[in-house]
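Each remark here refers to the structure printed beneath this line.
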Amino acid sequence: MTTAGPKVAQFGIIGLGTMGANLALNIEEHGSAVAVWNLETEWVDRFLANNAGRRLIGAHTLQEFCRSLERPRRILLMITAGDPVEQTLLKLSPYLSPGDIVIDGGNSYFKDTMRRETQLRQTMVSYFGMGVSGGEEGARHGPSLMPGGSREAYEHLAPILQSVAAKSDSGPCVTYVGPDGSGHFVKMVHNGIEYADMQLIAEAYDILSRALGLNAAELAEIFAEWNRGPLESYLIDITAQILCVADPETGNPLVDMVLDKAGQKGTGRWTAQVALDLGVPVPTITAAIDERAMSSMKEERELANQLVYSSADSRYSGDKRELIRAVHDALHASKICSYAQGMKLIREGSQEWQWNINLREMARTWKGGCIIRARFLDSIMRAYEKHPELPNLLLDYDFMTAVRKAEPGWRMVVGTAVRMGIPVPAMSASLSYFDSYRSAQLPQNLTQAQRDYFGAHTYQRKDRPNAGSVHSDWAHMSGKPEATTGVKN
1207 MTTAGPKVAQ FGIIGLGTMG ANLALNIEEH GSAVAVWNLE TEWVDRFLAN
1257 NAGRRLIGAH TLQEFCRSLE RPRRILLMIT AGDPVEQTLL KLSPYLSPGD
1307 IVIDGGNSYF KDTMRRETQL RQTMVSYFGM GVSGGEEGAR HGPSLMPGGS
1357 REAYEHLAPI LQSVAAKSDS GPCVTYVGPD GSGHFVKMVH NGIEYADMQL
1407 IAEAYDILSR ALGLNAAELA EIFAEWNRGP LESYLIDITA QILCVADPET
1457 GNPLVDMVLD KAGQKGTGRW TAQVALDLGV PVPTITAAID ERAMSSMKEE
1507 RELANQLVYS SADSRYSGDK RELIRAVHDA LHASKICSYA QGMKLIREGS
1557 QEWQWNINLR EMARTWKGGC IIRARFLDSI MRAYEKHPEL PNLLLDYDFM
1607 TAVRKAEPGW RMVVGTAVRM GIPVPAMSAS LSYFDSYRSA QLPQNLTQAQ
1657 RDYFGAHTYQ RKDRPNAGSV HSDWAHMSGK PEATTGVKN
C-alpha cells in the first residue's frame, strides 16, 4: 500500500488517466473512500501526493488493490477499450470473488461487453458495460452514466452512481439501462447522435460564413441567440464560446487557425455499422461520419479545389435575415431527425437483444452531464411518456408540428446550399430521411423488379402483398432481347 489513509475503500478505480482520476475525486467527494491502481505505479503515487488528505488508497499491485476493497467489490475500469480491457480482466480475475462487480467505463464495443459479461458470470462476478459521457468536466463534477448489466448487481451500484452523476430537474442522470451490453450500446448510439449534431452545427456555421460572409464575432452572436431558444444545448453553447476566442499568436479568431481535419475514435462508425446490420436507416449519422472521413483528405481536396470546375453560383443575393432564420429552422428540423434515427436504433437494438430499454429514461439520462444534452430532450421524454411504444419521434404530434413549422426554411437552406456549392450532407440527409419516411410510395418497386430481372430474387405484388413471393420472366415479357452489357468476350 502507498497510503496511510483509510484501511478499506467502498469503490475502486483502475486507470488514472484524466477520466479515471476525475471520477475518483468525484466519488470521494460524495462520501466513499476510493482505492486506485494504475499500470504505471508512479501515476498512483503522484495522484495521492496531489490529493493529500482525501480518502484515497493507492495500490501498486492488483492483489493489494482488491484487498483494500469492501465486499462485494465495486471496481471501475477507466482504460482504453479493446486489448487493454482483456489483459486487465485476465490479471484481475484471480483476485475477484463471487458477488464482486466489475464495470467497464470506457467506450468498448457492446458485443465485446456481452461476451465478457457471459464469461465473468460463470465465476459469479457481475460485469457491467457503462457508458460515461461528459468528458473531463463531466467526470469531475457530474457525468451522464449508462450502466448495463445485472439488475440485482445494479442495486449495489446505484447509491454511488446516483450521487456522482449529473443532476437535472428530472433527477440524477443515471438509470439502469438493461442487461449485458445495453449500456455500451446506448453510449455508442449517443456518440452517433453526437457526430450528427456536431456536423449539423458545422454546416450551419459554414452556410452563414460562406453565403453571408459573417465573421466569427457575428456568428458567435447568432449562436448565442440560438442558445436561448429551442436549439439550446451544450454544443450550441460551446460553439458560441469557441467563436469568441482569439488566437494569441495572430489575433485572428482561433477557430480560423484550426486545420479542417476532424478525428474520430470509432463509436460513430460502430453506430452506422450496427444500424446497417439491423436494417435501421441513420443517414444523418452516416453523413456525419462520411464528412469526417472526407475532411481527412485535406491535400486531395486542395488539389481538387484547383482542378475540378463547378458551375455553382458562389453569390447569395437573398435577404440576410431570412437566411439566418432559415438556417436556424434547418438546424432544428435536422437535429430532430438525427435524434429520431438514434432513438429508433436503440429501440431496434433493444428488441434484437431483448434488453427492454426504456427510451424515456434514456432521454432523461441525457439531460445533464453528457455532450448531447439539449432543451428538447424534455420533448423526447414527453413523447415517450405519452406513447412508450412510439415507433419514431417524427410521429409525435409536438415534433411533427415543430418540423412542419421549420420545413420551408429547411428546404430553402438545402436548396440554397446546393446552388452555391456549399456541402450540407447531414442537413440534406435529414431532409431526405423526412421525405422518405413520409412517403407512402418509394421507387424501390423498380429496384426490386431489377433484382428479379437479373437475379430471380422474386417480389411481392402490391395488390396481393400477403400472397407470397413471385418471379417474372421480364426479358421474355418485354418482347425485347435480353439486356446485355455490350462487352464482347
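For the record, in the sequence shown the residue sitting at position 85 is 1291 according to our numbering, with numbers rising by one throughout. Cβ coordinates follow ideal geometry from the N, Cα and C atoms, glycine included. Quick caveat, the model's predicted, so the values are computed rather than measured.
Opening and closing residue of the alpha helix (DSSP H) in which residue 1521 lies: Careful: residue 1521 lies outside any alpha helix (DSSP H) and carries neither H nor E.
Beta-carbon spacing of residue 1351, residue 1336 below 8 Å: yes
Need the endpoints of the alpha helix (DSSP H) that residue 1291 sits in, please. 1289-1298
Taking the continuous alpha helix (DSSP H) assigned at residue 1375, which residues delimit it? Unbroken run through residue 1375: none, as it is neither H nor E.
Return the residue from the list 1519, 1426, 1402, 1545 that minimises the CA-CA distance to residue 1475. 1402
Taking only the alpha-carbon atoms, compute the straight-line gap between residue 1264 and residue 1610 and give it to the nearest angstrom. 57 Å
For residue 1215, does the three-state DSSP call read helix, strand or coil? strand
Could you tell me which residues DSSP puts in a beta bridge with residue 1354? 1335, 1384
Could you pull out every residue in the same chain whose Cβ sits closer than 6 Å to the Cβ of residue 1215, ignoring the five residues on either side in sequence? Excluding sequence neighbours, residue 1215 sits near 1239, 1240, 1241, 1263, 1274, 1275.
Assign residue 1231 to buried or exposed, taking buried as 16 or more other Cβ atoms, counted over all protein chains shown, within 10 Å of its Cβ. buried
For residue 1546, which residues from the same chain have a beta carbon less than 7 Å from its beta carbon, with the 5 sequence-adjacent residues on both sides left out? 1598, 1599, 1600
Contacts around residue 1410, its chain only, beta-carbon distance under 6 Å, and the 5 residues preceding and following it disregarded: 1533, 1537
In the DSSP assignment, the beta strand (DSSP E) including residue 1178 goes from what residue to what residue? What the structure shows of the chain is the stretch from 1207 to 1695, and residue 1178 is not part of that stretch, so it cannot be assessed.
Just curious, the alpha helix (DSSP H) that residue 1262 is in, first and last residue? Premise fails: residue 1262 lies in the beta strand (DSSP E), 1262-1264, not in any alpha helix (DSSP H).
N- and C-terminal bounds of the beta strand (DSSP E) containing residue 1233: Looking at the DSSP string, residue 1233 is not in any beta strand (DSSP E); the run it does join, the alpha helix (DSSP H), is 1224-1235.
Is the CB-CB distance between residue 1333 and residue 1322 below 8 Å? yes
Run of the beta strand (DSSP E) containing residue 1309, from where it starts to where it stops: 1307-1310
So, is residue 1405 buried or exposed, given that buried needs 16 or more other C-beta atoms within 10 angstroms? Flag for residue 1405 reads buried.
Kindly examine the ligand MG and report whether one of its heavy atoms sits closer than 7 Å to the Cβ of residue 1266. In terms of ligand content, the structure shown is empty, and the ligand MG therefore cannot be addressed.
Per DSSP, what kind of secondary structure is residue 1242 in: helix, strand or coil? strand
Cβ contact check for the segment 1489-1507 and the segment 1576-1594: 3 or more pairs under 8 Å: no
In the DSSP assignment, find the unbroken alpha helix (DSSP H) run with residue 1442 in it and report its ends. 1440-1448
Among 1266, 1510, 1527, nearest to residue 1245 - alpha-carbon criterion: 1266
So if DSSP puts residue 1494 in a beta bridge, which residue, or which two residues, is it bridged to? For residue 1494, which the question treats as bridged, DSSP gives no partner whatsoever.
Quick one: Cα of residue 1290 to Cα of residue 1284, how far? 10 Å
Does the segment 1618-1633 come into contact with the segment 1518-1529, if we say contact requires no fewer than three beta-carbon pairs (one atom in each stretch) closer than 8 Å? yes
Between which two residues does the alpha helix (DSSP H) holding residue 1614 run? 1603-1626
From the DSSP output, in three-state form, read off residue 1676 for me. Shown here, residue 1676 sits in a strand according to DSSP, grouped into three states.
Pair within 8 Å by beta-carbon distance, residue 1539 and residue 1616: yes
Should residue 1408 and residue 1461 be called a contact, given that it needs their Cβ atoms to be closer than 8 Å? no
Limits of the unbroken alpha helix (DSSP H) element including residue 1631: Counting along the chain, the alpha helix (DSSP H) containing residue 1631 begins and ends at 1631-1643.
What does the alpha-carbon distance come out to for the pair residue 1248 and residue 1326? One C-alpha to the other measures close to 30 Å.
Rounding to the nearest angstrom, what Cα-Cα distance links residue 1362 and residue 1551 in this structure? 29 Å
Distance check for residue 1553 and residue 1574, CA to CA, integer angstroms please. 22 Å
Buried versus exposed call for residue 1693 [16 or more other C-beta atoms within 10 Å across all chains shown]: Here residue 1693 scores only 40 on pLDDT, less than 50, and its place in the model should not be relied on; the value that follows carries that caveat. Residue environment for residue 1693: exposed (fewer than 16 other C-beta atoms within 10 angstroms of its C-beta).
Buried versus exposed call for residue 1224 [16 or more other C-beta atoms within 10 Å across all chains shown]: Residue burial annotation: residue 1224 is exposed, with fewer than 16 other C-beta atoms found within 10 angstroms of its C-beta.
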